[in-house]
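Just so you know, the sequences run in chain order S and L.
For what it's worth, our numbering labels the leading residue of the first sequence as 76, then goes sequentially.
For what it's worth, our numbering labels the leading residue of the second sequence as 50, then goes sequentially.
Note that the Cβ used here is the ideal one computed from N, Cα and C, for glycine as well.
So the structure is just underneath, and the comments pick up after that.
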Amino acid sequence: MLLLIVILPLVAALIAFVLPSDRLRPPLIAVTALLHLALTFQLKVGETTPDGWLAVDSLGYLILGVLSILFTLCSIYGIGYLRVRSDRPNRIFTVCMLTFLSMTTGVTLAQHLALLWVAMEGATLSTAMLIYFNRNARSLEAAWKYLMIGSVGIALALLGSLFIGYAAFLSGNASLLFHDLLSHSAALSRPWVRAGFVLLLVGYGTKMGLAPLHTWKPDAYGEAPGLIGALLAGGMTNCAFLALMRIFRITSAAGEAAFARELLVFIGLLSMAVAAVFMAGQRDFKRMLAYSSVEHMGILVLGIGVGGLAVLGTLLHVINNAFTKIILFLSAGNIHRAYGSKRVEQVSGAIRRLPISGALFLTGFLAITGSPPFGPFISEFTILNGAMETGHYVSATLFLLFLIVIFIGMGATVLAVVQGTPSESSDTGFRDSFWKTAPMFASLALVLMMGIWIPGPLYAFLEQAARTLQGAP
Amino acid sequence: MTQTVPTILILSVIMNFLVLGSSNLKSLIRNVAIQGLLMSVFSLAFAHTPSFRLVLLVLASATIKGFLIPSTLFRALREVHIRHEAEPYLGLVPSVLLCAVGTGLALLFAGNLPLASEHRGLLVVPTALSTFLTGFLLLTTRRKAISQVVGYLTLENGIFVFAQLLHESMPFLVEVGVLLDLVVGIFVMGIVMNHIQREFSSLDTERLSELRD
Chain S
76 MLLLIVILPL
86 VAALIAFVLP
96 SDRLRPPLIA
106 VTALLHLALT
116 FQLKVGETTP
126 DGWLAVDSLG
136 YLILGVLSIL
146 FTLCSIYGIG
156 YLRVRSDRPN
166 RIFTVCMLTF
176 LSMTTGVTLA
186 QHLALLWVAM
196 EGATLSTAML
206 IYFNRNARSL
216 EAAWKYLMIG
226 SVGIALALLG
236 SLFIGYAAFL
246 SGNASLLFHD
256 LLSHSAALSR
266 PWVRAGFVLL
276 LVGYGTKMGL
286 APLHTWKPDA
296 YGEAPGLIGA
306 LLAGGMTNCA
316 FLALMRIFRI
326 TSAAGEAAFA
336 RELLVFIGLL
346 SMAVAAVFMA
356 GQRDFKRMLA
366 YSSVEHMGIL
376 VLGIGVGGLA
386 VLGTLLHVIN
396 NAFTKIILFL
406 SAGNIHRAYG
416 SKRVEQVSGA
426 IRRLPISGAL
436 FLTGFLAITG
446 SPPFGPFISE
456 FTILNGAMET
466 GHYVSATLFL
476 LFLIVIFIGM
486 GATVLAVVQG
496 TPSESSDTGF
506 RDSFWKTAPM
516 FASLALVLMM
526 GIWIPGPLYA
536 FLEQAARTLQ
546 GAP
Chain L
50 MTQTVPTILI
60 LSVIMNFLVL
70 GSSNLKSLIR
80 NVAIQGLLMS
90 VFSLAFAHTP
100 SFRLVLLVLA
110 SATIKGFLIP
120 STLFRALREV
130 HIRHEAEPYL
140 GLVPSVLLCA
150 VGTGLALLFA
160 GNLPLASEHR
170 GLLVVPTALS
180 TFLTGFLLLT
190 TRRKAISQVV
200 GYLTLENGIF
210 VFAQLLHESM
220 PFLVEVGVLL
230 DLVVGIFVMG
240 IVMNHIQREF
250 SSLDTERLSE
260 LRD
C-alpha cells in the first residue's frame, strides 16, 4: 500500500512518456491525482513497510494529505491550462509533474534521513524543468538560479544529514531511521547534532525559501506557470518544512531544543522582515506572491520556534497557507494570461476583465494576510497567542508589525491590479473558464471551512501531531 | 595504511587549491576529475577490507566523476567556442587565499568535534569541510555556467569524503540513490546549460541578470 502510493505516479509518468497524444496527458494527470487522493485517504497513521523505511506518522500524513488535495486541484486546473497552451508539447511537463508527485509523496512517508534527502532532491530536479516550461530567456534564468541555489541547499542538507548520522554512529547505534534516532536520542553526540541542525536548517531552509537563501523564489515563481507556483508554494515548501520538523524533533530529543528554537525564531523573523521589505512597492504581482511565500515559510518556522500553542497554530497554518496559495497563484496565472503581462503598470481592472479570477485574487489576498473569516486568521492568531503565552513578547510584537507592513505593501499591489479599467490594447482574449476557476472555488471553500469551523477529527489529529512534534511519543 | 589515508586527503586538499586557482576551464575540469578519482582511491584505502558493494560503488563513482561528467563538460566546452579563461567575479588569488583561511578554520572546527577512536588523526573532517567550501566558492564567485557545475561536483566530493565515515552503516540503496541524484542533477544542469548556450550564445551567467528587484 505504501509503496503503491509512491510508485503509482511514477507508472503514470511512464505512461505519459510513451503516450503519443498531447491531448490525453492532462486528463491522465488528473486521473492519477484522484487515485492518489483516494489512496491517501485509505492510509492510516501507524501503517509501515516491513523494513520501516516508509511509514505513515501524523506529521507526514498531514503534509501528504495537503499535498494530495493540492495536487488534485492543480491537475484539474492543468486540464484547462494545457488546453490554452496546446501550441507546445506537454510531454516533459506531464512527466515531471507526475515524478514530482511521486517524489514528494516519498518525502512525506520516508522514515530514513538519507532516503528523505534522496526524495527531496528528486522532487527538486523534477521541478526545474517545470519552471522552464515557457522556454524563454527569463524562465531559463529562473531555472538555472533555482538549480544552482537549490543544489547548494541540498548539498548542505546532505552534509547535515551525515553529521546527524555521525552523531548516531558515535552513540553506538549508527542508524538513520527516525525511530532509532529518537529512541537513542539521549546518547547522540551533541556537538554533531548542533552542527548538523544548523546545516539542515540552512539546507532545507533553502528549499523552503527562508531568508537569506530565498533568492531563487521570486525568479522561479515569477516565471513558472501559475499552477507550478502553487505546487511549489504549497507542496515543495511544505515537504521541506516537514523535513525541518523531523530534524527539530530529533534535535530537541537530543537535548538541544533551546538552541534549535532560538535559531528557528531568528530565521523566521528574518524571513518575514525580508518579505516585508521586498513586498513594499513590488511591481510584479507574481514576484509579490513569491515574497508572500517567503513570509509564510517564516511564520511556520517561527511558530515551531516559539513552541507551546503556536505549534498547533503552525500545523493549521500549513493547511491554510497551501490552500490559500492555490487561489492566489491560479488567479494570478489567469490574470497574467489575460493581459500578457504581470507588471502592475500594464495590468489594471482585472475584476472587470476576469470577474471570477479578479475577485478571487482579491479574496485570496484578504485571506493570506490574515483577515477573518478565513483560515489563516485563525492560525496566525493561534501562533501569536502561543508567542505571548511562552513569553516571546519581542517576537510577538515584531510578528504583528511585519504582518501589518506586509498587509499594506501587498494591498497596494493587489488593489492596483484588481481596480481601475482595463486598457483595450492589453487584451489577449483569454477569459475565465470552468476548469480554470473551479479548483479555486474548492480551495476557497476549504480556506473558509478552516476559518469558521474546523472539523473535530481534524482538530484532534492536529493536536496529536503537535504533541508528537513537542516530544510526546 | 595509517599513512596512505592522510596522504591522499592532503593531496585532495591540494587539489582544492588547484581547482580554485585554475585560470582556464580545461584545467578546471581536469583538476576536479583528478580530485574525483582521488576520492575513490581514498574510499578504498579507508575501508579496512573493501567489501564487494564498496568496490562496486567506487567503480561507479570513479567512472561518473572521473570520466563521464568531465568528458561531457569537455564536449560542452568544445561545442560552445567560448573563451576558455575562467573569468571569475572574485580574482583567482583572493579565492585561493579565502580557501586557505577556510581550510584553517575547518581544521579548528573539526578539532572541536568528537571523533570515534578509529577516525582520529586521519584529517577526514577537515578535508570534507575544506572541499565543501571550495565548491561553495566556485558556485558563488564564478561567471561561467561550467565552473558552477564544477563547483557542484566539488561540493559533492566534499560530502563523499565525509560519507565514507558512515559507509558501513549506510544502506546500499541510499548510496546508490545519492549517486543517482548526482548524475540526474548534472544531467538536468547540462540540459539547462545547453539551452542557455542556444538562447544567449554564451555560457556566461552574467547574461542571466534580467530578473531582479
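- Query: Where does Pro137 (chain L) fall in DSSP's three states?
  - Reply: Look at Pro137 (chain L) here: in three-state DSSP terms it is strand.
- Burial state of Gly408 (chain S) (16 or more Cβ within 10 Å): The residue in question, Gly408 (chain S), is buried, as its Cβ has 16 or more Cβ neighbours within 10 Å.
- Task: Report yes or no: is there a C-beta of chain S within less than 8 Å of the C-beta of Gly151 (chain L)?
- Result: False, the Cβ-Cβ gap to chain S never drops below 8 Å.
- Through-space distance from Ala189 (chain S) to Met195 (chain S), alpha-carbon basis: Roughly 10 Å between the two C-alpha positions.
- Presumed contact (8 Å Cβ cut-off) between Thr281 (chain S) and Ile322 (chain S), rounded CB distance: Not a contact, Cβ separation roughly 14 Å.
- Query: Is it buried or exposed for Ala333 (chain S), if we count other Cβ within 10 angstroms and need 16 for buried?
  - Reply: With fewer than 16 other Cβ atoms within 10 Å, it is exposed.
- Task: Report the neighbours of Pro99 (chain L) on chain S: residues whose CB is nearer than 9 Å to its CB, in chain order.
- Result: Within 9 Å Cβ-Cβ: nothing; Pro99 (chain L) doesn't reach chain S, min ~19 Å.
- Cut-off 7 Å between Cβ atoms - residues of its own chain near Leu109 (chain S), not counting five sequence neighbours on either side: The answer, listed in chain order, is Thr147.
- Message: Determine, for Phe160 (chain L), whether the minimum Cβ-Cβ distance to residues of chain S falls below 8 Å.
- Response: Note on identity: in this sequence residue 160 (chain L) is Gly, with Phe being the wrong assignment. It does not: the Cβ of Gly160 (chain L) has no partner Cβ on chain S nearer than 8 Å.
- Contact with chain L by Pro164 (chain S), beta-carbon distance below 8 Å: No, no contact with chain L.
- Task: List the residues of chain L whose Cβ lies closer than 7 Å to the Cβ of Val193 (chain S), in chain order.
- Result: Listed along the chain, the chain L residues whose CB falls inside 7 Å of the CB of Val193 (chain S) are Val223, Gly226, Val227 and Asp230.
- Query: How would you write the range of the alpha helix (DSSP H) that Arg269 (chain S) sits in, first residue to last?
  - Reply: For Arg269 (chain S), the enclosing alpha helix (DSSP H) covers residues Arg265 to Met283.
- Message: Counting only Cβ pairs nearer than 9 Å, list the residues of chain S close to Leu146 (chain L).
- Response: Chain-order list of chain S residues neighbouring Leu146 (chain L): empty, with the shortest C-beta distance near 22 Å, by a criterion of under 9 Å.
- Query: Whose Cβ in chain S lies nearer than 7 Å to the Cβ of Phe211 (chain L)?
  - Reply: Correct list: Leu234 and Leu237.
- Report the three-state DSSP secondary structure of His549 (chain S) (helix, strand or coil). Absent from the structure is residue 549 (chain S), since the part of chain S shown begins at 76 and ends at 548.
- Starting from the C-beta of Leu521 (chain S), find all residues in its chain whose C-beta is less than 7 Å away, skip the five residues before and the five after it, and write them out in chain order. Around Leu521 (chain S), the same chain offers Phe398 as residues with beta carbons nearer than 7 Å, after the five sequence neighbours per side are excluded.
- Query: Residues of chain S with CB under 7 Å from Ile195 (chain L), in chain order?
  - Reply: Those within 7 Å of Ile195 (chain L) in chain S number zero; the least Cβ separation is about 12 Å.
- Task: Starting from the N-terminal side, write out each stretch of the beta strand (DSSP E) that is 3 residues or longer and does not extend beyond the stretch 211-271 of chain S.
- Result: List check, beta strand (DSSP E) in window: nothing returned.
- What distance in whole Å lies between the Cβ atoms of Ala198 (chain S) and Asp294 (chain S), which are believed to be in contact at a cut-off of 8 Å? The C-beta distance from Asp294 (chain S) to Ala198 (chain S) rounds to 18 Å, too long to fall under 8 Å, and the pair is not in contact.
- Task: Output, in chain order, the set of chain L residues within a Cβ distance shorter than 8 Å of Pro266 (chain S).
- Result: Result: Asn161, Leu162 and Pro163.
- Message: Is there a C-beta anywhere in chain S that falls below 8 Å from the one on Tyr138 (chain L)?
- Response: Under the 8 Å criterion on CB atoms, Tyr138 (chain L) is classed as non-interfacial with respect to chain S.
- Using a C-beta cutoff of 8 Å, does Val489 (chain S) count as contacting chain L? Not an interface residue.
- Task: For my contact list, Val349 (chain S) and Ala462 (chain S) are in at a C-beta cut-off of 8 Å; report their separation, rounded to the angstrom.
- Result: Contact doesn't hold; Cβ gap of about 19 Å is too wide.
- What are the boundary residues of the alpha helix (DSSP H) that Gly382 (chain S) is part of? Unbroken run through Gly382 (chain S): none, as it is neither H nor E.
- Are Met485 (chain S) and Phe440 (chain S) touching if we call contact CB-CB under 8 Å? Yes, the pair counts as a contact, with Cβ atoms nearer than the cut-off.
- Measuring alpha carbon to alpha carbon, tell me which of S:Val419, S:Phe360, S:Val369 and S:Leu237 ends up nearest Leu191 (chain S). If you compare the alpha carbons of S:Val419, S:Phe360, S:Val369 and S:Leu237 with that of Leu191 (chain S), the shortest gap goes to S:Leu237.
- Message: Please state the DSSP three-state secondary structure of Arg269 (chain L).
- Response: In the structure as shown, chain L begins at 50 and stops at 262. Residue 269 (chain L) is therefore absent and cannot be evaluated.
- Item | Any C-beta of chain S under 8 Å from that of Phe181 (chain L) | Taking Cβ atoms only, chain S reaches closer than 8 Å to Phe181 (chain L), which makes this a yes.
- Item | Top-ranked residue by Cα proximity to Thr488 (chain S), from S:Asp359, S:Arg412 and S:Asp502 | It is S:Asp359 whose Cα lies nearest to the Cα of Thr488 (chain S).
- Query: Taking just the CA atoms, how far does Ala365 (chain S) sit from Phe175 (chain S)?
  - Reply: The straight-line gap from Cα to Cα measures roughly 20 Å.
- In chain L, what lies closer than 7 Å to Met223 (chain S) by C-beta? Chain L residues near Met223 (chain S): Leu188 and Gln197.
- Query: Looking at the structure shown, is Asn161 (chain L) part of a helix, part of a strand, or coil, going by DSSP?
  - Reply: Asn161 (chain L): coil per DSSP, three-state reduction.
- If I'm right that Ala125 (chain L) touches Met219 (chain L) with Cβ under 8 Å, what's the distance once you round it to whole angstroms? Going by Cβ atoms, the distance from Ala125 (chain L) to Met219 (chain L) rounds to 32 Å, so no, they are not a contact pair.
- Query: Do we get a CB-CB distance below 8 Å when we pair Asp294 (chain S) with the residues of chain L?
  - Reply: With 8 Å as the cut-off, Asp294 (chain S) counts as an interface residue toward chain L.
- With burial defined as no fewer than 16 other Cβ atoms inside 10 Å of the residue's Cβ, what is the status of Tyr241 (chain S): buried or exposed? In the assembly as shown, Tyr241 (chain S) is a buried residue. Its beta-carbon has 16 or more other beta-carbons within 10 Å.
- Straight-line gap, Phe452 (chain S) to Leu112 (chain S) (C-alpha atoms, nearest Å): Distance between the alpha carbons of Phe452 (chain S) and Leu112 (chain S): 27 Å.
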